[in-house]
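Enquirer: Throughout, the numbering used here is defined as the position within the sequence shown, counted from one, plus 49.
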Amino acid sequence: MATVVESLTQLLQSAADSVGLEASIPPVNATKSPDLGDYQSNCCFRLAKAAKTSPRELAAKLAEALPIGPVLAKVEVAGPGFLNLFLSEAYLGQALQAQFADPKLHVPQTQGTVVIDYSSPNVAKRMHVGHLRSTVIGGSLHKLYDFCGWTVVADNHIGDWGTQFGKLIVSWDAWVDQAAFEEDPIGELQRIYVKFSQDATDAQQDKAREETAKLQAGDSRNLALWKRFIDASMVEFESIYTRLGVSFDVTYGESHYNEMLQPLVNTLLEQGVAEESDGAVIIPFEKSDGKGLKDQPFLIRKRDGAALYGTTDLATVRFRLDTWAPHRVLYVTDTRQQLHFKQLFAATKKLGWNQSELWHVWFGLLSLPEGNMSSRAGNVINLKDLLDAAVAKAREIVDEKSAELSDEERAMVAEAVGVSAVRYADLSQNPQANVVFDWDKMMAMDGNTAPFLMYGHARLRSIQRKEGLQHVVTEHGPVNDAERQLCTLLLRFPDVVPAALAASRPSILAEYLFTVARAVNRFYSQSRIKGSVGEERAARASLVAAASMTLSTGLGLLGIPALERM
Ligand code: ARG
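#1: Which of helix, strand or coil does DSSP assign to K450?
#2: Here's the rule I'm using: 16 or more other beta-carbon atoms within 10 Å means buried, otherwise exposed. How should L415 be labelled?
#3: Leaving aside the five residues before and after F297 along the sequence, list all residues of the same chain whose C-beta is less than 6 angstroms from its C-beta, in chain order.
#4: Should E191 be listed as close to the ligand ARG, given that the test is whether its C-beta is under 7 angstroms from any heavy atom?
#5: So is A72 buried or exposed if we call it buried at 16+ other beta carbons inside 10 Å?
#6: Run through DSSP, which three-state label would G236 get?
#7: Within 10 Å of its beta-carbon, does P480 have 16 or more other beta-carbons around it, so buried, or fewer, so exposed?
#8: Between which two residues does the alpha helix (DSSP H) harbouring V53 extend?
#9: Indicate, with yes or no, if the ligand ARG has a heavy atom lying under 7 angstroms from the CB of N403.
#10: Just the residues with CB closer than 6 angstroms to a heavy atom of the ligand ARG, in chain order, which are they?
#11: Comparing C-alpha positions only, which one of A568, I235, L318 and A266 sits nearest to I279?
#12: Ignore the nearest five residues each way along the sequence and tell me which others in G427's own chain have a CB closer than 6 angstroms to its CB.
#13: With a threshold of 6 angstroms on Cβ separation, who are the neighbours of R541 within its own chain once the five nearest residues in sequence on each side are excluded?
#14: Skipping 5 residues on each side, what residues in its chain have a beta carbon closer than 7 angstroms to that of L400?
#15: By how many angstroms is the C-alpha of V569 removed from the C-alpha of S168?
#16: Residues in the same chain with beta-carbon distance under 6 angstroms from R352, minus the five sequence neighbours each way, listed in chain order, please.
#17: Between Q392 and the rest of its own chain, which residues show a CB-CB distance below 6 angstroms, the 5 nearest in sequence each way excluded?
#18: By DSSP's criteria, T162 is part of a beta bridge. Which residues make up the other side?
#19: In the DSSP assignment, the alpha helix (DSSP H) including K340 goes from what residue to what residue?
#20: The alpha helix (DSSP H) that contains E287, what's its start and end?
#21: How should N431 be labelled, buried or exposed, when 16 other C-beta atoms within 10 angstroms of its C-beta is the threshold for buried?
#22: In the structure shown, what three-state DSSP assignment does D487 receive?
#23: Do G505 and A559 have their C-beta atoms closer together than 8 angstroms?
#24: Measure the alpha-carbon distance for G608 versus L293 and round it to whole angstroms.
#25: Would you kindly report the start and end of the unbroken alpha helix (DSSP H) that includes R350?
#26: Can you give the Cα-Cα distance for H177 and Q387, rounded to whole angstroms?
#27: Can you tell me where the beta strand (DSSP E) holding H409 begins and where it ends?
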């Protein structure tokens, strides 16, 4: 069965054809308020002129031609020429059943390959709060693309190459405490690295440059140490990724591109795309290359011959095009890298590497409120500590509210709720806004929070258990107002998911799930399941099943587990 939007658009198309309008009808839109109908079309504004009439008259003509029957209960012409479409109860019931018989819930499937470059921390340092957003926004986009049928290559572009390794090697030789390294590898690496930046002598600075050069030239001792630093980092990153529910297909760090850099710079020089300037090599831009790029050349080789972040990224674009031929590449980083990616994308255009869409999905900065977890003055908060603090807060709530659960179960729920609260506090905001964490707000049981949504789902599952309702959607349409509203809302899931993907905003999905959870609460207050019988009970059982599936699928796309009880 076609989706609701498809069916309605098709009906409208037939009506247009029948009145001799030679035009293709754009898809109908969901309305914001039920008195405007369930869906609305604004096609008459676009088509009136060619039809030599006014939008309102055209709308009246189309309304006349639209069949009232199994699908449409009513059609109204509104305002200067809108068509308001009201669905029949029977159709709503059938449409809901059809949607929930499909494991993809009627979300349109796209064939295509996308590379998603996210998280991408620099190694030998702990992951800190700054890495949270890329990891959770990228992680959610990863799931959205997957769900929409794309072939996803999730690439963790870790910063595993560069001058910091020479410094680390010198620090290692001078200061490492082996026992401390065994105990907490990254903690110890971070300690000696910080010590280097505070205490290194000039001789040590020189030595660090030498060690970096030796590493880059393939010195075996330095390579072995470097590998050890990376391995230690990856163990720590993985434990955070497991907690956050994200995973990668490949982790080609910056080091993977090392060999490709100098040949690339030479080719760019030969092609005349790059030029020497003051001993360095740059890609210059004109006004026509993009807004704000004139006088912002892309630096690809320093005067000392070293390649840069941008050089690696150019090589990375080429490699990805050659390896996966993706239709799209997403880079999920914070706002401070906007210029870098503008330059990178403009450079690829100059090179004629136009085979894929390159999108910079940037996000605003995240900060913590004042207090014991503040991020004031260089006091960087580790991601692990942040998650632990959230879980501890969740545990207090779970102990209080769910005393009937076993200790083990409460620990499990607290981990899921705490981590999810952090994820959701981030994902529910417009990514481009700056986010300030508010512990009380994100843990609240009422409001646009993970606990509220998770609880909304668990409650539906509990009703199914208690009432012995099947987790199956039947074709009985809604009976009262609240049921109708919930039903039409659930039918919008297939429009919401692609919209969130297209805008690279998981917040669009979050906002929708919040609306669903509130509609579920309204439904509880108006519809009794206990004691209801026959058709009415079947319709309600359907709504409970469909709502719980929508919430669990939607939460899953945000990386939040839908618990059975909490
Ligand atoms: N490692 C970089 C950082 O920590 C992010 C890398 C993003 N990806 C890329 N292809 N440049 O800021």
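From the three backbone atoms N, C-alpha and C, an ideal C-beta is built for every residue, glycine too.
Expert: Answer, in terms of the structure:
#1: helix
#2: buried
#3: Taken in chain order, the residues that qualify are A203 and N205.
#4: Correcting the residue type first, residue 191 is His in the shown sequence and not Glu. The answer is no for H191.
#5: exposed
#6: helix
#7: buried
#8: Where V53 is concerned, the enclosing alpha helix (DSSP H) starts and stops at V53 to S67.
#9: N403: no, Cβ never under 7 angstroms from the ligand ARG.
#10: D166, S169, P170, N171, H206, G208, D362, T365, Y380 and T382
#11: Nearest to I279 by C-alpha distance, out of A568, I235, L318 and A266, is I235.
#12: Any reading at G427 must be qualified, since the residue scores a pLDDT of 49, below 50, and its modelled position is unreliable; no value is offered.
#13: A79
#14: Excluding sequence neighbours, L400 sits near V322.
#15: 35 angstroms
#16: G328 and A329
#17: F347
#18: T200
#19: Where K340 is concerned, there is no enclosing alpha helix (DSSP H), because DSSP gives it neither an H nor an E.
#20: S269 to L293
#21: buried
#22: coil
#23: no
#24: Roughly 7 angstroms between the two C-alpha positions.
#25: Here R350 belongs to no alpha helix (DSSP H); instead the beta strand (DSSP E) covers F347 to R350.
#26: 21 angstroms
#27: For H409, the enclosing beta strand (DSSP E) has its first and last residue at E406 to F412.
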